[in-house]
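Chemist: First to last, the sequence lines map onto chains A and B.
Those letters in the first sequence? Residues 111 to 484, by the numbering used here.
Those letters in the second sequence? Residues 8 to 666, by the numbering used here.
All C-beta atoms, glycine included, are put in the ideal place defined by N, C-alpha and C.
This one's a predicted model, so the numbers in the text were calculated from it and none came from an experiment.
Below you will find the structure I want to go over with you.
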Amino acid sequence: MFKETALSGQTTFFQKLRSLDYILLACILILGVISSLAMYATDGGELLYHTKSHVLRFIIFFVMMFVLSFLNIRFWHATGYLFYIIVLGLLIWASLYGITASGSQRWVDLYFINLQPSELMKIAIIVCFAKFYHRAQINQINNFKNLLVPMMILILPILLVVSQPDLGTSILIALSGIIVLWLAGINLKYFIYSGLFLLISMPFVIAFLKPYQKLRILTFFNPDKDPLGAGYQIIQSKIAIGSGGLTGKGFLKGTQGYLEFLPEKHTDFIFTLFSEEHGFIGSLALLFIYGVIIYRVIDIGKNARSFFGKLFCFGFASSIFVFITVNMSMVLGLLPIVGSPLPIMSYGGSSMLATMIGFSIVMSTKIYQKQLIA
Amino acid sequence: MFGGGGDSGYKKLSTVNRRMFIMTAAKLVIFGGIITRLFSLQINENKKYLTLSDKNRLREWRLPPVRGDFEDFFGNKIASNLKVYQLHVVPEQVEDFRYLMIRLRDILDIDSKTFKKILKKRSQQKSWETLIISENLSWDQFAKINFYLHELSGAKPVLSVARNYPYDEKFTHLLGYVAQASERDLTENEVIKKSHVPGLRVGKIGLEKTYENQLIGSNGIQRYEVNAYGKRINQIDFVEGKKGTNIKLTVDTEIQAQCNELLKDKAGSICVMDIYTGELIAMHSSPSFDPNLFLYGISHDNWNEILNNPKKPLINRSIQGLYPPGSTIKPIVALSALENDVISTKFKVNCTGKTEMYGQTYHCWKDTGHGIVNLRDALKVSCDTFFYEMSRRLGVDRLNLTAKKFGLGEKVFNGTYIEEKEGLIPSTQWKKNALGRGWVLGETLITGIGQGYMQTTPLQLCLMTAQLANGGFKIKPKIIYDKKSDSYEKIKAEMEKNRIDLLSDFQQDDALVDFSSEKKKRDTDLYKPLYRNQENVKFVLEAMFASTNEVRGTSYSSRISDKKYQFAGKTGTSQVKKITEIQRELDLDISQIPYEERDHALFVAFGPYVNPRYALSVFVEHGGAGSSAAAPLAKKLFKTIIDRHEEREKIREKSLMEI
Numbered sequence: 111m112f113k114e115t116a117l118s119g120q121t122t123f124f125q126k127l128r129s130l131d132y133i134l135l136a137c138i139l140i141l142g143v144i145s146s147l148a149m150y151a152t153d154g155g156e157l158l159y160h161t162k163s164h165v166l167r168f169i170i171f172f173v174m175m176f177v178l179s180f181l182n183i184r185f186w187h188a189t190g191y192l193f194y195i196i197v198l199g200l201l202i203w204a205s206l207y208g209i210t211a212s213g214s215q216r217w218v219d220l221y222f223i224n225l226q227p228s229e230l231m232k233i234a235i236i237v238c239f240a241k242f243y244h245r246a247q248i249n250q251i252n253n254f255k256n257l258l259v260p261m262m263i264l265i266l267p268i269l270l271v272v273s274q275p276d277l278g279t280s281i282l283i284a285l286s287g288i289i290v291l292w293l294a295g296i297n298l299k300y301f302i303y304s305g306l307f308l309l310i311s312m313p314f315v316i317a318f319l320k321p322y323q324k325l326r327i328l329t330f331f332n333p334d335k336d337p338l339g340a341g342y343q344i345i346q347s348k349i350a351i352g353s354g355g356l357t358g359k360g361f362l363k364g365t366q367g368y369l370e371f372l373p374e375k376h377t378d379f380i381f382t383l384f385s386e387e388h389g390f391i392g393s394l395a396l397l398f399i400y401g402v403i404i405y406r407v408i409d410i411g412k413n414a415r416s417f418f419g420k421l422f423c424f425g426f427a428s429s430i431f432v433f434i435t436v437n438m439s440m441v442l443g444l445l446p447i448v449g450s451p452l453p454i455m456s457y458g459g460s461s462m463l464a465t466m467i468g469f470s471i472v473m474s475t476k477i478y479q480k481q482l483i484a
Numbered sequence: 008m009f010g011g012g013g014d015s016g017y018k019k020l021s022t023v024n025r026r027m028f029i030m031t032a033a034k035l036v037i038f039g040g041i042i043t044r045l046f047s048l049q050i051n052e053n054k055k056y057l058t059l060s061d062k063n064r065l066r067e068w069r070l071p072p073v074r075g076d077f078e079d080f081f082g083n084k085i086a087s088n089l090k091v092y093q094l095h096v097v098p099e100q101v102e103d104f105r106y107l108m109i110r111l112r113d114i115l116d117i118d119s120k121t122f123k124k125i126l127k128k129r130s131q132q133k134s135w136e137t138l139i140i141s142e143n144l145s146w147d148q149f150a151k152i153n154f155y156l157h158e159l160s161g162a163k164p165v166l167s168v169a170r171n172y173p174y175d176e177k178f179t180h181l182l183g184y185v186a187q188a189s190e191r192d193l194t195e196n197e198v199i200k201k202s203h204v205p206g207l208r209v210g211k212i213g214l215e216k217t218y219e220n221q222l223i224g225s226n227g228i229q230r231y232e233v234n235a236y237g238k239r240i241n242q243i244d245f246v247e248g249k250k251g252t253n254i255k256l257t258v259d260t261e262i263q264a265q266c267n268e269l270l271k272d273k274a275g276s277i278c279v280m281d282i283y284t285g286e287l288i289a290m291h292s293s294p295s296f297d298p299n300l301f302l303y304g305i306s307h308d309n310w311n312e313i314l315n316n317p318k319k320p321l322i323n324r325s326i327q328g329l330y331p332p333g334s335t336i337k338p339i340v341a342l343s344a345l346e347n348d349v350i351s352t353k354f355k356v357n358c359t360g361k362t363e364m365y366g367q368t369y370h371c372w373k374d375t376g377h378g379i380v381n382l383r384d385a386l387k388v389s390c391d392t393f394f395y396e397m398s399r400r401l402g403v404d405r406l407n408l409t410a411k412k413f414g415l416g417e418k419v420f421n422g423t424y425i426e427e428k429e430g431l432i433p434s435t436q437w438k439k440n441a442l443g444r445g446w447v448l449g450e451t452l453i454t455g456i457g458q459g460y461m462q463t464t465p466l467q468l469c470l471m472t473a474q475l476a477n478g479g480f481k482i483k484p485k486i487i488y489d490k491k492s493d494s495y496e497k498i499k500a501e502m503e504k505n506r507i508d509l510l511s512d513f514q515q516d517d518a519l520v521d522f523s524s525e526k527k528k529r530d531t532d533l534y535k536p537l538y539r540n541q542e543n544v545k546f547v548l549e550a551m552f553a554s555t556n557e558v559r560g561t562s563y564s565s566r567i568s569d570k571k572y573q574f575a576g577k578t579g580t581s582q583v584k585k586i587t588e589i590q591r592e593l594d595l596d597i598s599q600i601p602y603e604e605r606d607h608a609l610f611v612a613f614g615p616y617v618n619p620r621y622a623l624s625v626f627v628e629h630g631g632a633g634s635s636a637a638a639p640l641a642k643k644l645f646k647t648i649i650d651r652h653e654e655r656e657k658i659r660e661k662s663l664m665e666i
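Printed below as a string of structure tokens:
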């Protein structure tokens, strides 16, 4: 009976509930708790604005993800382009009427939330590409037409985000898109060609960079040159992480954090604070949780019968991996400082919303893994 | 069924699976890289970053060290510390410096001159250096500041300690004084540099400077955790500083105070010494000034008053003042002549008031002359004519040796006072070296009455008298009390052991104090005889007794007949200027001579005459005759000195019991 209904895709709610990926759900919940505690630590051990707001968002978005998980995978496939177009529209809106904060016009005011469409674009681009390649024939993928359209899909939002200006997010959008393109089967040589092209055009790009962006790149190569200026963030971050040691300074005892030596400790540098307080062991545990999440998402993708679901899961897993890697490399002084949040951990509604939408599509893939899409 | 179906679909799937596999492998490698980096930062370099993190969050505030006290022999504090309230501002930490300053000016009621001075000081120092707005807030001001403190962000009321000299001007020259450490103090003294805090006072002169390193103490340290903006969050650690060593002196405050009283409105010096232990009982130089004035930066008016005073208060006359000793040298001249067998005690000279030698006329102080005098009489009445003849026979070089033996012409405290002067006892060799000319025989005559090139400090004369009075033994003068130093009884016994009645000529070189080598710097000669024949010393002391206690003696009018206080002394009146024939004719009264040209009055003495214990020297600059200006002061002082003796011995016994 069960087998029959499963094949036909007609399952009861109870069956859907049972086929949820509980390991993944548990990991997300654990991350939510860890991030809330970390946020509590950044507030100096008091229940202040950041903590309250982060917990509230996590609860709302987690429930939203749970509910959205029961949407049929076909829905996501059907609305794939629409989703992309809406986010692109929001990006255009942001660049026209957006809210400017710290020199960058990134946010749109949606009355109930100040949304950062560039964060949503990180997911939308994956959905859009997954839909595009779901249809495409393998032998037509490397056609001129089939190369040009994805290029346009990718470049358009990147240009919009760069002009905000927000170099970090645009790089991450680009990386998300490129990974999906590569996974979909685009010939490796095109990546090499464009890579070479980028390298050649680098000097011209640098000429267009804002002074603070140039400074950040220079600082990355030599942070000690200006320890109180641009190099301050990297140095202080390394001090915090390094001083954490094996077991860390203890919860709420991270001196670098509560004495305000850490910059942007709620957002991009949340891992620094976590690592200072919980040390190498804590950091490994956090990495392990992320690892499990990524593994689960890939596994769900493997078992998905629809190419859309499979490609989305693979793409999403890889994107999350990239976000984590970029963020951690940045605070560890391995990459220049570019704005990039740590998924779920960092303070920020748009990033959390985007990540949760991603997870709900993954869950939907799991629930409807036998579902085929025409 | 798969978007495209069949073969193509399968190929598409296998591509995506293969690429995902590669991707996963890459992910593992990159995660490995991140873990390696974490490991290297958190495990390998943990110590380095832990130190950096502590350096970030911990700031040390050094508190001013508490200076050691000075106390006198009886335990009275003569230099100590007071708690004072100060107001500090670090301009760098102030948002609106000008506003703060104007507010402070109104609250503290700072006058415009001082205000300008503060602003000037601000412009001369770096913005992170502490600016001291007020060194010594009154309680009223302190309370007011604390009341308004919430609107005076950046102003820091600080509880500090300041030097205090409760006896005002009485010990100024003896102790020296402290003032704000200068750039030079910091570069010259490592210890000061190490414990320096803004506003630190260090010794500028005297004992305060010499014993700086013992007195200074160590800083207290407050360790605070600060946030990224330098704001103190909480105190982590407090290490109390160690107060500097208290230094006990041998001086007696009461006698010192009397010296100050006796020399009031005069320029001069009084030194009192224990003739066995070498302990300095008093040492005062007049005029003095209040060292407390220097604590908070002396005002311009006060400074000018000190600087322009014609009597020069800044000079410590006891050790820095060089004056011809005049007739106070005569006991030494007499001793030298006897020791060298130049004359016998029976040798006589007829004094007619003047004598012709080497084509020049040399005058005795008494125009009418003393008639026929022997050595005892010559000392008693201070007959110059006798001493001219005796010195002529003695020669300056033999006199030089004896004088130096007894402590003239060299520093009494070697190194205790950086400002101490050596003085000068001339010799033929000295003149050749220093002036490039040969010794003129006439110069020997005036050297014999303590004039000419000879220059001594009042303290040297005191030491000379002490070493004569104890029977002619070498002692070690000291001003810092030391429990472990030899007691009077031990020294007396030691001297008794070293006593020689008469040395035969060939023994002389071995037994006598050897001044030709560096040996004199050491204490090996301590308590050894400075004479050859003890009878000679006894003779001179007896003659000094006559000078004070027999009719016609120069200090007869200052005598004390009570045996308990009876003392013996020698007056001196030293000329500042050569007396011309016209002046001699005029014989002016002292008040008719301009101050700068008046004679110096001197007096050296020891007492009580039977079993003497103390020696003193009195010097009154441009005071006139020693008999009338200096000796009467000694009379008053001796009563106190002897009266204080018992008290002093009691304290000494008590402190010995404590060991």
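Would you call the CB atoms of B/G457 and B/T578 closer than 8 Å?
Modeler: Here residue 457 of chain B refers to the residue found at position 450 of the second sequence. Here residue 578 of chain B refers to the residue found at position 571 of the second sequence. Contact: no.
Chemist: Using a C-beta to C-beta distance shorter than 7 Å, which residues of chain A count as neighbours of B/T22?
Modeler: Reading the second sequence from its first residue, position 15 is the one you call residue 22 of chain B. The contacting residues are I248, G295.
Chemist: Run the CB neighbour count on A/W292, radius 10 Å, all protein chains shown included, and call it buried at 16 or more, exposed below.
Modeler: As a working mapping, residue 292 of chain A is identified with position 182 in the first sequence. Buried, since its Cβ has 16 or more Cβ neighbours within 10 Å.
Chemist: In the DSSP assignment, the alpha helix (DSSP H) including A/G367 goes from what residue to what residue?
Modeler: Along the first sequence, one-based indexing puts residue 367 of chain A at 257. Counting along the chain, the alpha helix (DSSP H) containing A/G367 begins and ends at 365 to 368.
Chemist: Are there three or more Cβ pairs, one per stretch, closer than 8 Å when the region 181 to 201 of chain A is compared with the region 426 to 436 of chain A?
Modeler: Output reads no: the region 426 to 436 of chain A does not touch the region 181 to 201 of chain A.
Chemist: Buried or exposed: where does B/F80 fall if 16 or more other Cβ atoms within 10 Å of its Cβ makes it buried?
Modeler: Taking the second sequence and counting its residues from 1, the one referred to as residue 80 of chain B is at position 73. Counting Cβ neighbours within 10 Å, B/F80 comes out buried, since at least 16 surround it.
Chemist: Which runs of the alpha helix (DSSP H) at least 4 residues long sit entirely within the region 571 to 601 of chain B? Give them in chain order.
Modeler: Correct list: 588 to 593.
Chemist: If we call anything under 8 Å between Cβ atoms a contact, is B/N473 one with B/M280?
Modeler: By 1-based counting over the second sequence, the position of residue 473 of chain B is 466. By 1-based counting over the second sequence, the position of residue 280 of chain B is 273. The sequence given here places Ala at residue 473 of chain B; Asn does not occur at that position. Closer than 8 Å, so yes.
Chemist: Taking buried to mean at least 16 other C-beta atoms within 10 Å of its own C-beta, is B/N53 buried or exposed?
Modeler: Within the second sequence, the letter at position 46 stands for residue 53 of chain B. With 16 or more other Cβ atoms within 10 Å, it is buried.
Chemist: Inspect the beta-carbon positions of B/K216 and B/G251 and report whether they are closer than 8 Å.
Modeler: As a working note, residue 216 of chain B is residue 209 in the second sequence. As a working note, residue 251 of chain B is residue 244 in the second sequence. In this structure, B/G251 does not lie closer than 8 Å to B/K216 by Cβ.
Chemist: Mind checking A/H244: buried by the 16 CB within 10 Å criterion, or exposed?
Modeler: As a working note, residue 244 of chain A is residue 134 in the first sequence. So A/H244 ends up on the buried side.
Chemist: How would you write the range of the alpha helix (DSSP H) that B/A235 sits in, first residue to last?
Modeler: Position 228 of the second sequence, counted from the start, is the residue given in the question as residue 235 of chain B. No alpha helix (DSSP H) holds B/A235; DSSP gives it neither H nor E.
Chemist: Return helix, strand or coil for B/T451, following the three-state DSSP convention.
Modeler: Translated into positions along the second sequence, residue 451 of chain B becomes position 444. Of the three classes helix, strand and coil, the one that applies to B/T451 here is helix, per DSSP.
Chemist: Rounded to whole angstroms, what's the CA-CA distance from B/L159 to B/K151? Just pull it up for me.
Modeler: Taking the first residue of the second sequence as 1, we reach residue 159 of chain B at position 152. Taking the first residue of the second sequence as 1, we reach residue 151 of chain B at position 144. Taking the straight line joining both Cα atoms gives about 11 Å.
Chemist: Using the Cβ count rule (16 or more neighbours within 10 Å means buried), how would you classify A/T465?
Modeler: As a first step, residue 465 of chain A must be located in the first sequence, where it is residue number 355. With 16 or more Cβ atoms within 10 Å of its Cβ, A/T465 is classed as buried.
Chemist: In chain A, what lies closer than 7 Å to B/R44 by C-beta?
Modeler: Translated into the one-based positions of the second sequence, residue 44 of chain B becomes position 37. Within 7 Å Cβ-Cβ: L442, L444.
Chemist: Between which two residues does the beta strand (DSSP E) holding A/W217 run?
Modeler: On the first sequence, residue 217 of chain A is found 107 positions in, with the first residue counted as 1. Run containing A/W217: 214 to 219, per the beta strand (DSSP E) assignment.
Chemist: Pull up the distance between the alpha-carbon of A/S393 and that of A/K363, whole angstroms please.
Modeler: Reading the first sequence from its first residue, position 283 is the one you call residue 393 of chain A. Reading the first sequence from its first residue, position 253 is the one you call residue 363 of chain A. Roughly 16 Å between the two C-alpha positions.
Chemist: Rounded to whole angstroms, what's the CA-CA distance from A/G355 to A/H388? Just pull it up for me.
Modeler: Locating residue 355 of chain A in the first sequence gives position 245, counting from the first residue. Locating residue 388 of chain A in the first sequence gives position 278, counting from the first residue. About 8 Å.
Chemist: Mind checking which residues open and close the alpha helix (DSSP H) that includes A/C423?
Modeler: Here residue 423 of chain A is taken as the residue at index 313 of the first sequence, counted from 1. Run containing A/C423: 417 to 441, per the alpha helix (DSSP H) assignment.
Chemist: Please decide whether A/L356 counts as near chain B, where near means a Cβ-Cβ distance under 8 Å.
Modeler: The sequence position of residue 356 of chain A within the first sequence is 246, counting from 1. Yes, its Cβ sits closer than 8 Å to a Cβ of chain B.
Chemist: For the putative contact between B/T359 and B/S398, defined by C-beta atoms under 8 Å, what is the C-beta separation to the nearest angstrom?
Modeler: To locate residue 359 of chain B, count along the second sequence from 1; it is residue 352. To locate residue 398 of chain B, count along the second sequence from 1; it is residue 391. Not quite, the Cβ-Cβ distance comes to about 18 Å (not below 8 Å), so this is no contact.
Chemist: If we define contact as Cβ-Cβ less than 8 Å, is A/L369 a contact residue for chain B?
Modeler: Your numbering for residue 369 of chain A matches position 259 in the first sequence. Yes, contact with chain B.
Chemist: Which first and last residues belong to the alpha helix (DSSP H) in which B/S662 is found?
Modeler: Residue mapping note: residue 662 of chain B aligns to position 655 of the second sequence, counting from 1. Element bounds for B/S662: 638 to 664.
Chemist: Going along chain B, which residues have a C-beta under 7 Å from A/M438?
Modeler: Position 328 of the first sequence holds residue 438 of chain A. Ordered by position in chain B, the residues that pass the 7 Å Cβ test against A/M438 are I41.
Chemist: Report yes if the C-beta distance between A/E386 and A/S439 is below 8 Å; otherwise report no.
Modeler: If you number the first sequence from 1, residue 386 of chain A lands on position 276. If you number the first sequence from 1, residue 439 of chain A lands on position 329. No; because the gap between Cβ atoms is not below 8 Å, this pair is not in contact.
Chemist: Taking 6 Å as the limit between beta carbons, can you name the residues of its chain near B/T463, skipping five residues before and five after?
Modeler: Position 456 of the second sequence, counted from the first residue, corresponds to residue 463 of chain B. Excluding residues within five positions, the ones whose Cβ falls inside 6 Å are P332, L415, G430.
Chemist: For the candidate residues B/Q242, B/S562, B/L302, whose alpha-carbon lies nearest to that of B/E67?
Modeler: On the second sequence, position 60 is the one that residue 67 of chain B refers to. Looking at the Cα atoms, B/Q242 is the closest of the given residues.
Chemist: Cα-Cα, which of A/V271, A/D409, A/F307 is closest to A/T475?
Modeler: As a first step, residue 475 of chain A is located in the first sequence; it is residue number 365 there, counting from the start. When only C-alpha atoms are compared, the closest one is A/D409.
Chemist: In whole angstroms, give me the CA-to-CA distance for B/R651 and B/C278.
Modeler: The sequence position of residue 651 of chain B within the second sequence is 644, counting from 1. The sequence position of residue 278 of chain B within the second sequence is 271, counting from 1. Straight-line Cα distance between these residues: approximately 16 Å.
Chemist: Verify whether the separation of the beta carbon atoms of A/M473 and A/S179 is less than 8 Å.
Modeler: Here the question's residue 473 of chain A lines up with position 363 in the first sequence. Here the question's residue 179 of chain A lines up with position 69 in the first sequence. Yes, they are a contact pair.
Chemist: Which residues of chain B have a Cβ atom closer than 7 Å to the Cβ of A/I349, listed in chain order?
Modeler: Against the first sequence, residue 349 of chain A aligns to sequence position 239. Y56, L59, S60, N63, listed in chain order.
Chemist: First and last residue of the beta strand (DSSP E) that includes B/G378?
Modeler: Walking along the second sequence from the start, residue 378 of chain B turns up at place 371. Unbroken beta strand (DSSP E) run through B/G378: 378 to 381.
Chemist: For B/R25 and A/H160, what's the separation of their Cα atoms in angstroms?
Modeler: The count along the second sequence starts at 1 and reaches residue 25 of chain B at position 18. The count along the first sequence starts at 1 and reaches residue 160 of chain A at position 50. Cα to Cα, the separation comes out at about 43 Å.
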